[in-house]
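*Asks:* Take the sequence shown: its letter number 122 is residue 122 in the UniProt record's numbering, and every next letter is one higher.
Backbone N, C-alpha and C fix where the C-beta goes; we use that ideal spot for every residue, glycine too.
Predicted model, so just to flag it, every value in this text is computed and none were measured.
Dropping the structure in here first, questions after.
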Amino acid sequence: MPQLAPATTYVPPTAVPNGGYVTSAFLVVARTHMSLTHRSRSSHPINLHLEFLRRTSVGPAIFTVKDVKLGSRISNLHITLSQKQDAANDEGPYQDEAEGYITMSNISTEEGLSLDTQYHLYPPALPVNLSLLASQGHDENYTHRASDPFPSFRRAAQNIQIFLVRPERKPAPDRSTGRPRAMVEQWVRFSPQTPHLNGVPGRWTNDALGFVVDMFPQVVESYVNPFVEEAAIGQHSQSDLKQFLASNEPRAKYWYPTLALNLDVKKLLPEEGVEWLFVRVKAKLIRNGRFDLDIEVWDEQGELVATSVHASLVVDASRNISRKNGNGNGTGKKKDSKL
1 MPQLAPATTY VPPTAVPNGG YVTSAFLVVA RTHMSLTHRS RSSHPINLHL
51 EFLRRTSVGP AIFTVKDVKL GSRISNLHIT LSQKQDAAND EGPYQDEAEG
101 YITMSNISTE EGLSLDTQYH LYPPALPVNL SLLASQGHDE NYTHRASDPF
151 PSFRRAAQNI QIFLVRPERK PAPDRSTGRP RAMVEQWVRF SPQTPHLNGV
201 PGRWTNDALG FVVDMFPQVV ESYVNPFVEE AAIGQHSQSD LKQFLASNEP
251 RAKYWYPTLA LNLDVKKLLP EEGVEWLFVR VKAKLIRNGR FDLDIEVWDE
301 QGELVATSVH ASLVVDASRN ISRKNGNGNG TGKKKDSKL
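Written as structure tokens, this is what we have:
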């Protein structure tokens, strides 16, 4: 460990509970693999296709990388994430939890035909004053989304500041203008809950794009849990929210596991990262417990940074929390959940 080629194994130091976190871990592993084993070749992930075979759990994971094709401009990697079937047995077997293909290039040295497509967000996003969002938590069009009402279930959301369109400024859904009901628009700032940072905001890099495209208020929640979502942006008081949660089931009702995730990287962010990104999320169809997500990420300069497409399910939240601490069947062994 690690054996450096053609298949390399990496053991990350942290857990992998969130789909966006997992996706970013794949991006970091791909970049690390190329920098360690193929230094003269491309080191930037430009395209990722990821299949979530089983639920990842909080705990160690092993990433195994295979060089599928190494080219002068484009290289292709196959990466598998594996975790132990029995968390209590150090010698127990591993099983594959997620795997994907990542296409590598060097964005900073790319050359070739470039054309102005004149593509832009449609309908356009409302104007924003990021200085006011940072200092006051709101501006004329956007307001800070309060902490998630189910923090133990969605811990990853504690590491990001989300600013949503204010209710009174949100345009009504209108098919003629291309504005569906199933749409979320947000400005996001990285705010890792790391003690030594003392609340200093983080910055978004290309490594974090996997996290960015999987961290937003779930589209389905605005249909099935509107009171909680409204309270998160100040439409109801905290006392009203507590009363509502006390009189209803005090946990998240649904879990939204991703079956497959595609990420297409359009731009190389500065090495030091950027403070703000704009994310638009749209669902085309939600039917029979299955739905899609179409995601675009833009920077302050109005340039497209990345696009992503998800295929996801809607299942009871107990399917996720039942395996807390690596088990859920009383034996210490993982259940092989077939979603």
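Would you call N18 buried or exposed, if buried means 16 or more other Cβ atoms sit within 10 Å of its Cβ?
*Replies:* As a first step, residue 18 is located in the sequence shown; it is residue number 18 there, counting from the start. Label assigned to N18: buried.
*Asks:* Closest to N106 by C-alpha separation, out of P123, M34 and V29, would be which residue?
*Replies:* On the sequence shown, position 106 is the one that residue 106 refers to. With distances taken between Cα atoms, N106 lies closest to M34.
*Asks:* In whole angstroms, what is the alpha-carbon distance linking Q243 and E229?
*Replies:* Reading the sequence shown from its first residue, position 243 is the one you call residue 243. Reading the sequence shown from its first residue, position 229 is the one you call residue 229. C-alpha separation (whole angstroms): 15 Å.
*Asks:* State the Cα-Cα distance for the pair T23 and L263, rounded to the nearest angstrom.
*Replies:* Taking the first residue of the sequence shown as position 1, residue 23 is located at position 23. Taking the first residue of the sequence shown as position 1, residue 263 is located at position 263. Each residue's alpha carbon lies about 9 Å from the other.
*Asks:* Looking only at DSSP bridge pairs, what is R287 linked to?
*Replies:* Your numbering for residue 287 matches position 287 in the sequence shown. In DSSP, R287 forms a bridge with R290.
*Asks:* Beta strand (DSSP E) containing V265: first to last residue?
*Replies:* Counted from its first residue, the sequence shown places residue 265 at position 265. First-last of the beta strand (DSSP E) with V265: T258 to V265.
*Asks:* Any chance the region 67-77 sits against the region 279-293, with 3 or more Cβ pairs inside 8 Å?
*Replies:* No, the region 67-77 is not in contact with the region 279-293.
*Asks:* Cα separation between G71 and L209?
*Replies:* The residue labelled residue 71 in the question sits at position 71 within the sequence shown. The residue labelled residue 209 in the question sits at position 209 within the sequence shown. Their Cα atoms are separated by approximately 24 Å.
*Asks:* Can you tell me the Cα-Cα spacing of Q118 and Y142, whole angstroms?
*Replies:* Mapped onto the sequence shown, residue 118 falls at position 118. Mapped onto the sequence shown, residue 142 falls at position 142. If you take the alpha carbons of Q118 and Y142, they lie about 26 Å apart.
*Asks:* I think L53 touches D86, with their Cβ atoms under 8 Å apart; what is that distance to the nearest whole Å?
*Replies:* Numbered from its first residue, the sequence shown carries residue 53 at position 53. Numbered from its first residue, the sequence shown carries residue 86 at position 86. That pair is no contact at about 18 Å.
*Asks:* Figure out for me which residue from S318, K267 and L304 has the closest Cα to the Cα of T109.
*Replies:* Here residue 109 is taken as the residue at index 109 of the sequence shown, counted from 1. Closest by alpha carbon: K267.
*Asks:* Terminal residues of the continuous alpha helix (DSSP H) containing P226?
*Replies:* Looking up residue 226 in the sequence shown gives position 226. Per DSSP, P226 belongs to the alpha helix (DSSP H) from P226 to A232.
*Asks:* In the DSSP output, what is S315 paired with across the bridge?
*Replies:* Along the sequence shown, one-based indexing puts residue 315 at 315. Just to set this straight, residue 315 is Val in the shown sequence, not Ser. V315 pairs with W255.
*Asks:* Does the separation of the CB atoms of W187 and L259 fall below 8 Å?
*Replies:* Taking the sequence shown and counting its residues from 1, one reaches residue 187 at position 187. Taking the sequence shown and counting its residues from 1, one reaches residue 259 at position 259. No. Outside cutoff.
*Asks:* What's the gap between the Cα of P270 and the Cα of S308?
*Replies:* The sequence position of residue 270 within the sequence shown is 270, counting from 1. The sequence position of residue 308 within the sequence shown is 308, counting from 1. In a straight line, the C-alpha of P270 is about 20 Å away from that of S308.
*Asks:* Could you compute how far the alpha carbon of I46 sits from the alpha carbon of S239?
*Replies:* For the purposes of this step, residue 46 is taken as residue 46 along the sequence shown, with counting starting at 1. For the purposes of this step, residue 239 is taken as residue 239 along the sequence shown, with counting starting at 1. One C-alpha to the other measures close to 46 Å.
*Asks:* Counting only the same chain and skipping the five closest in sequence on each side, list residues whose C-beta sits under 8 Å from that of H44.
*Replies:* To locate residue 44, count along the sequence shown from 1; it is residue 44. Here the set comprises R31, M104, S105, N106, I107, S108, N206, V265 and L268.
*Asks:* Output needed for P123: all residues of its chain with C-beta closer than 7 Å, excluding positions within five of it in sequence on either side, in chain order.
*Replies:* Taking the first residue of the sequence shown as position 1, residue 123 is located at position 123. T177, G178 and R179.
*Asks:* Going by CA-CA distance only, name the one from K282, L126, E99 and E51 that's closest to T64.
*Replies:* Sequence index remark: in the sequence shown, residue 64 carries index 64 (1-based). If we check each option's Cα against that of T64, E99 comes out closest.
*Asks:* Just checking my contact of I286 with A182 at CB under 8 Å: how many whole Å lie between their CB atoms?
*Replies:* On the sequence shown, residue 286 is found 286 positions in, with the first residue counted as 1. On the sequence shown, residue 182 is found 182 positions in, with the first residue counted as 1. With 8 Å as the limit, I286 and A182 qualify as a contact, their Cβ atoms being about 7 Å apart.
*Asks:* Tell me whether A61 is buried or exposed, calling it buried when 16 or more other Cβ atoms sit within 10 Å of its Cβ.
*Replies:* As a first step, residue 61 is located in the sequence shown; it is residue number 61 there, counting from the start. Flag for A61 reads buried.
*Asks:* Grab the span of the alpha helix (DSSP H) containing F26 for me, first residue to last.
*Replies:* Within the sequence shown, the letter at position 26 stands for residue 26. Residues G19 to T37.
*Asks:* How is the beta strand (DSSP E) around A98 delimited, first residue to last?
*Replies:* Locating residue 98 in the sequence shown gives position 98, counting from the first residue. Its beta strand (DSSP E) spans residues Y94 to S105.
*Asks:* Can you find the residues in the same chain that come closer than 7 Å, C-beta to C-beta, to L126, ignoring five residues on each side of it along the sequence?
*Replies:* Counting from one through the sequence shown, the residue named residue 126 turns up at place 126. Within the same chain, L126 has close Cβ partners N141, V165 and R169.
*Asks:* Is it right to say L121 is buried, meaning 16 or more other beta carbons lie within 10 angstroms of its own, or is it exposed?
*Replies:* Against the sequence shown, residue 121 aligns to sequence position 121. The residue in question, L121, is exposed, as its Cβ has fewer than 16 Cβ neighbours within 10 Å.
*Asks:* I think R145 touches I233, with their Cβ atoms under 8 Å apart; what is that distance to the nearest whole Å?
*Replies:* Indexing the sequence shown from 1 puts residue 145 at position 145. Indexing the sequence shown from 1 puts residue 233 at position 233. Rounded, the Cβ-Cβ distance is 6 Å, consistent with contact.
*Asks:* Can you tell me whether S57 is buried or exposed? The criterion is at least 16 other CB atoms within 10 Å of its CB, across all chains shown.
*Replies:* For this step, residue 57 is matched to residue 57 along the sequence shown. The residue is buried, with at least 16 neighbouring Cβ atoms inside 10 Å.
*Asks:* Bridge partners of Y142, per DSSP?
*Replies:* Start at 1 with the first residue of the sequence shown, and residue 142 comes out as number 142. According to DSSP, Y142 bridges with V165.
*Asks:* Mapping the DSSP letters down to three states, classify E221 as helix, strand or coil.
*Replies:* Working through the sequence shown from its first residue, we reach residue 221 at position 221. Note: E221 maps to helix in three-state DSSP.
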